[in-house]
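Chains as they are written, first to last, in my numbering: chain A, 6 to 800; chain B, 286 to 559; chain C, 32 to 183.
Note that beta-carbon positions come from the ideal geometry of N, C-alpha and C, so glycine has one too.
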Amino acid sequence: MTMTDDTTGVLGQRMLRREDPALLTGEAKYTADLPIPGALHLAVLRSPYARARIVSVDTSAAASMPGVTAVFSGADLAEAWAGPMPCAWPVTDDMKSPTHYPLAVGQANYVGDGVACVLATSASAARDALDAIDVEYEPLEAVIDLEDALSDRVVIHDEIGTNRSYTWDLKIEESEGDVDRAFADAAYSVKERYIQQRLIPAAMEPRAVAAIPQPFGGDMTLYSSTQVPHILKVMTALTLGIPEHQLRVVAPAVGGGFGSKLNVYAEELLCAALAQRTGSPVRWAETRSEGNQATIHGRGQIQDIELAADADGRLTAVRVRLIGDMGAYLQLVTPGVPLLGAFLYAGVYELPKTYDFSCTSVFTNMTPTDAYRGAGRPEATYAIERAMDSLAAEVGVDPLELRRRNFIPTASYPYEAMTGLVYDSGDHDKAATLAAEMIDYAGVRARQETQNVPGATKRLGIGVSTYFEMCGLAPSRVLASLNYGAGGWEAATVRVLPTNKIQVVTGTAPHGQGHETAWSMIVAEKMGVSPDDVDVLHSDTAIAPLGLDTYGSRSLSVGGVAIAMACDKVVDKAKQIAAHQLEANPDDLEFSGGEFRVAGSPDRAMPLAAVAFEAFTAHNLPDGLEPNLEAHTTYDPPNFSWPFGTHMCLVEVDTETGEVEVLRYVAVDDCGNQVNPLIVDGQVHGGVIQGLAQALYEEAVYDADGNLQTSTLAEYLVPAASDVPSIETGHTITPSPTNQLGVKGIGEAGTIASTPAVINAIVDALSGLGVRDVPMPASPNTVWRAINEAQGGQQ
Amino acid sequence: MIPAAFDYVRAGSAAEAIDLIGQYGDEAKFLAGGHSLVPAMKLRLAQPTVLVDIGRVADLSYIREDGDQIAIGALTRHMDVENSPVLAEHVPLLAHAAGHVGDPQVRHRGTIGGSLAHADPASDLPATTLALGATYVAQGPNGTREIAAADFYHGYFTSALAPDEMLTEIRVPKMGGAGWSFQKFNRRAQDWAIVGVAAWQRGSECGVGLVNMASTPVLASSVASAVAGGASAADAAEAAAAEADPQADLNASVDYRVHLAKVLTRRALEASAG
Amino acid sequence: MDITVTINGKTHTADVEPRTLLVQFIREQAGLTGTNIGCDTSSCGACSVHIDGEAAKSCTLLAVQADGCSITTIEGMAGDDGSLHPMQQAFMENHGLQCGYCTPGMVMAATSLLAENPNPTEEEVRLGLEGNLCRCTGYHNIVQSVLACAKS
């Protein structure tokens with residue numbers, strides 16, 4: 006660890022979370038809990054058609070109902086917007102994006118697309134009035150299938166004349182034709198198609214918004230269940246034409262996000278616009294069945310991947326063709342999601358400059374997709390890890406052995422990958438070895454010999470997944486090269502109060518991650534105080550005006566590092582004050598345990614508390630030094646961070662019913678130095694189960710007409726405790742050399758690694774029956790069908 | 286999330302409840318535990334104009350021996366059915382099946398009568414009571430009548446109950462030490478069964494009820510005949526779907542449901558034999 | 032309709048629309064917002080409270096059905112001296128929560144579970160929590176929390 010000597014040993018402790026008492030007692034306030042006297046309640050009427058022309062909207066009956074203040078159609082509000090709903094990631098210069106307003110005008114394009122809204126004095130009056138709005142629709146043919154969309158047989162949005170939003174290529178060759186030659190010369194090659202089904206993020210807190218205007222003062226406060234209060238502020242100001250400095254955005258307690266609250270939503274803009282228009286507070290709380298339609302979905306890709314390998318099974322080329330499902334419109338970062346995976350299709354393996362990636366993304370008449378836990382990286386990892394198992398079968402070696410042959414050697418770190426990105430640190434063999442020991446890999450292989458005999462109805466399978474996560478978004482210049490509409494820095498202020506309590510202001514926006522605990526630990530470590538003496542302020546743009554929020558496993562490796570750097574600045578300033586007081590040269594002072602000492606003269610010392618008070622009174626500061634102890638840092642990371650690891654999953658498949666039982670799940674993750682291992686393990690547990698849920702349970706299912714069949718949590722199968730296994734965690738620690746804390750991200754790793762581990766295990770169990778792939782989610786029916794098909798329909 | 290508005294009246298007795306429902310007519314519904322009705326109302330899939338709350342009707346929560354039968358009051362909660370020592374001794378299959386309904390919170394509030402009257406073929410208890418040869422007691426304006434479970438279910442959410450009749454009691458024959466098995470197959474524990482099989486067996490006599498294999502719960506008579514004729518469990522189970530008419534849904538195709546019914550019936554017969 | 036409901040020992044009498052759900056009564060009439068709403072199909076359990084000592088989903092009951100009942104919500108769990116309930120303490124010590132939204136319902140379901148089965152196995156804990164969804168923890172530490180509470 007590149008920490009200085011003045012550690013108090015706080016970092017690395019399994020410290021209990023300071024967030025918990027308020028959350029455990031009901032004291033914490035989520036947006037829907039806020040008391041807002043006089044608030045009007047917003048309800049949104051949503052299209053029951055996947056694609057329909059809006060012929061007319063008659064709001065008169067609804068407007069005359071008791072308690073109803075106003076009713077608006079999309080056309081009524083068309084003039085309210087200074088601009089359309091924002092997409093911040095125009096991935097190519099010629100990317101096509103249909104105009105998208107908070108309420109549809111002229112044509113609705115997915116089931117759930119808002120077409121009208123009601124303001125009423127109670128939520129029930131608003132809801133009742135929705136039933137009285139008379140909308141005449143002319144249903145149009147909907148486009149649901151991605152390849153059908155690609156064909157432009159039916160063009161969804163007339164204004165752009167095609168369903169193709171963009172094609173984005175990343176071809177890496179020393180000289181033209183290298184990839185083709187590698188495939189021509191390959192000793193082994195595999196070609197696979199994988200379907201990343203649509204997923205519904207389903208954060209447990211549905212979204213909620215409240216906008217409170219100050220009609221005379223001119224300011225507006227927008228409360229929202231969001232991961233991105235800072236981004237939301239900029240985008241709301243732009244879309245509504247509100248001066249940004251008069252808009253304050255607050256994210257109170259936020260009940261999970263997983264990317265679904267990394268967005269700017271119609272209801273946020275509607276609440277703000279209607280609060281501005283009416284002069285009354287306006288609030289909205291999403292219902293779950295509404296959210297399944299109106300909050301972004303995740304994944305949604307068709308992946309064609311080809312691997313070429315030499316006689317030893319070492320990769321010589323990778324070719325990837327993607328079709329990305331954008332849904333009906335582009336939301337905040339919708340088009341960028343496949344790009345985040347583009348750099349990871351070679352996994353943790355050495356690959357020469359023979360890589361060919363191309364993604365074409367299309368519009369469909371379904372809910373817009375966007376970032377969902379992992380965003381692009383789970384998809385990429387799934388494809389390469391599934392394909393590596395296919396290659397192992399082709400080459401005739403054990404899947405773990407094939408991976409070992411291809412691992413980037415530890416000695417070559419930092420490693421410049423074929424994409425030009427530099428992987429900071431890694432030791433893949435160590436992580437794989439630990440995972441194999443924990444699950445007794447060799448023992449499982451031996452058990453399979455005796456258990457998976459012909460006629461066996463319970464077959465054992467083990468799945469391996471070795472992964473990289475590209476996180477810590479992100480170096481701003483790299484984002485520029487990807488056409489992303491913002492930077493990747495993070496801001497921090499550290500302020501020592503006169504009584505030696507410390508305030509930290511962070512631009513990160515936690516929603517379950519435990520930043521208050523973790524950031525206080527970093528400050529405690531750096532400043533020699535107790536974590537209890539540190540307060541962490543966040544998620545309110547009036548208190549924390551600068552920041553780029555929480556997503557992409559960025560908060561610690563960007564935001565946490567910014568805090569550590571701000572601490573260094575405070576200590577530097579404090580050192581000048583202490584040196585002045587102690588009549589010593591600042592260079593002769595040491596700082597440890599919260600105290601400045603003159604080197605070699607242990608009795609000449611001054612505690613930080615005394616320095617803080619001197620800085621406050623400013624009675625005797627060095628000439629030219631400003632009063633107060635406070636420092637601000639904006640940190641732009643020089644690199645992504647690259648957590649890695651190996652997950653292994655042991656399953657038993659009932660060949661009669663197709664039921665999969667996960668017997669054991671082992672996760673070995675390396676996220677560099679750990680600030681709080683308790684929180685690290687919690688992140689891994691949650692991520693693993695979310696990824697396992699993609700493998701086994703979850704899918705947003707649409708019928709051919711574009712009706713969402715899984716519109717409630719009774720149909721969309723988020724698993725419960727009874728449906729998932731315990732998780733055995735292990736860690737290796739390979740610090741990142743690119744930041745002073747040596748840390749990497751951990752928020753998405755579990756989700757990235759677990760999905761292929763589970764499916765690889767199922768296919769492994771069934772490989773003796775001729776099964777080569779099982780589509781996701783691997784429901785009992787799906788597994789049974791795969792067995793049947795492999796057995797030629799005999800069962 | 287917010288139901289459409291309705292009027293609410295509370296009945297103190299079965300007679301009062303029947304009188305009230307008669308007054309209000311077709312748009313009125315009985316409310317027992319509400320754990321089938323309220324979710325449908327929240328999504329506005331059901332919009333009754335009047336609810337007659339029978340949840341407080343006195344003396345309809347009991348489990349007692351009555352000769353060679355066990356009598357269960359219609360308002361007995363799933364949790365009480367699950368934990369009943371009387372049922373554990375005499376009808377363990379029903380107690381066990383009740384422990385698979387919904388989740389603990391649902392079982393604390395939902396009632397056996399409400400579940401049966403709702404006539405959802407995917408529910409656990411209709412098929413279980415059908416397999417057990419139960420009789421339901423209904424009370425209406427003209428007094429009470431007994432309806433055999435085999436005659437009760439007419440289709441999805443429709444039963445032999447007249448709109449102004451309510452279930453008051455479920456009478457289940459004692460199992461007399463018969464072997465039994467309840468096979469509930471689903472993806473999440475809290476969900477309705479994709480397919481379920483409730484079976485008991487005593488010598489060559491058996492009863493097999495199927496959950497979610499048609500628009501009504503299904504009595505697999507062909508299986509019982511095969512067992513009576515000396516067929517092995519595996520052979521008898523081949524007839525499991527003979528009386529069924531399953532539909533496809535998000536969790537299962539028709540052929541998979543038929544297959545599952547056979548596999549689960551075989552397992553149930555094996556588990557309940559001797 | 033006039034109803035009287037006792038919540039955390041305090042009596043609340045109010046005239047409510049029959050369609051008012053118990054969870055709305057608790058949150059809006061009693062002002063106790065610790066009980067959360069996570070779905071509209073009785074699937075997630077975020078709204079779980081104790082009714083006469085047993086866990087129930089307060090979004091699946093009409094307030095009029097709870098007339099005369101005694102209800103405990105998450106706000107009624109901690110001791111008067113400010114100490115956490117042993118289950119709350121166990122969740123804290125075992126990192127059994129992250130975003131906290133499912134947590135009140137989980138705690139109420141878990142305490143009801145232990146009241147009925149004081150020494151559950153891990154499998155019994157998992158089955159006993161089948162009606163409560165969490166998206167953050169993967170359940171591992173929730174299960175550990177309940178087992179730890181049972182042990183203590």
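In the DSSP assignment, what residue or residues form a beta bridge with residue i?
| i | result |
| --- | --- |
| B/Q354 | B/D351 and B/P458 |
| A/F649 | A/F473 and A/D675 |
| A/F596 | A/F601 |
| A/Q306 | A/Q201 and A/G329 |
| A/E225 | Looking at the sequence itself, residue 225 of chain A is Met, so the reference to Glu does not match. Paired residues: A/P218 and A/L252. |
| A/S363 | A/D174 and A/R326 |
| A/W289 | A/V214 |
Quick check: residue i and residue j, are their CB atoms within less than 8 Å of each other?
| i | j | result |
| --- | --- | --- |
| A/I444 | A/V671 | yes |
| A/E595 | A/P612 | no |
| A/T511 | A/W494 | no |
| A/D881 | C/L128 | Since the displayed chain A opens at 6 and closes at 800, residue 881 of chain A lies outside it and no answer follows. |
| A/A567 | A/A496 | yes |
| A/R212 | A/E272 | yes |
| B/M460 | B/L378 | yes |
| B/A518 | B/R551 | yes |
Identify whether residue i lies in helix, strand or coil by the three-state DSSP scheme.
| i | result |
| --- | --- |
| A/I764 | helix |
| A/D11 | Unreliable positioning characterises A/D11 in this predicted model, as indicated by a pLDDT of 44, which lies under 50. A coordinate reading is not provided. |
| A/Q112 | strand |
| B/Y541 | helix |
| A/W94 | coil |
| B/P288 | coil |
| B/M451 | strand |
| B/A343 | coil |
| A/V402 | coil |
With a CB to CB cut of under 6 Å and the five nearest residues on each side skipped, what residues in its chain are close to residue i?
| i | result |
| --- | --- |
| A/A397 | P404 and L407 |
| A/R23 | E521 and T522 |
| A/M8 | Here A/M8 scores only 38 on pLDDT, less than 50, and its place in the model is too uncertain to base an answer on. |
| B/D530 | A499 |
| A/W647 | Y428, D429 and F473 |
| A/D157 | T167 and N168 |
| B/R487 | A463 |
| A/L274 | P107 and T244 |
CB-CB under 8 Å to residue i, same chain, minus the five flanking residues each way: which ones, in chain order?
| i | result |
| --- | --- |
| A/S363 | T172, W173, D174, L175, K176, V325, R326 and L327 |
| A/V120 | L50, R51, S52, I59, V62, S78, G79, L108, A109, A113 and V140 |
| A/G222 | none |
| A/V96 | Y171, W173, P340, G341, L344, L487 and N488 |
| A/R450 | D403 and I467 |
| A/A579 | V501, F596, F601, L613, V616, A617, A620 and L634 |
Within a Cβ cutoff of 7 Å, which residues of the same chain sit near residue i, ignoring the five residues on either side of it in sequence?
| i | result |
| --- | --- |
| A/K574 | A636 and T638 |
| C/T103 | N39, V80 and H81 |
| C/M139 | S79, V80, H81, A86 and I105 |
| A/G72 | A125, T126, S127 and A130 |
| A/E421 | V427 |
| C/R58 | T64 and T66 |
At least three beta-carbon pairs within less than 8 Å, the region 440-449 of chain B to the region 397-410 of chain B | These segments touch.
Is the region 688-708 of chain A in contact with the region 305-316 of chain B, if contact means three or more CB pairs nearer than 8 Å?
-> No, because fewer than three Cβ pairs between the region 688-708 of chain A and the region 305-316 of chain B fall closer than 8 Å, the two stretches do not touch.
Decide yes or no for the touch test of the region 207-218 of chain A against the region 270-282 of chain A: beta carbon pairs closer than 8 Å, at least 3 of them.
-> The region 207-218 of chain A vs the region 270-282 of chain A: in contact.
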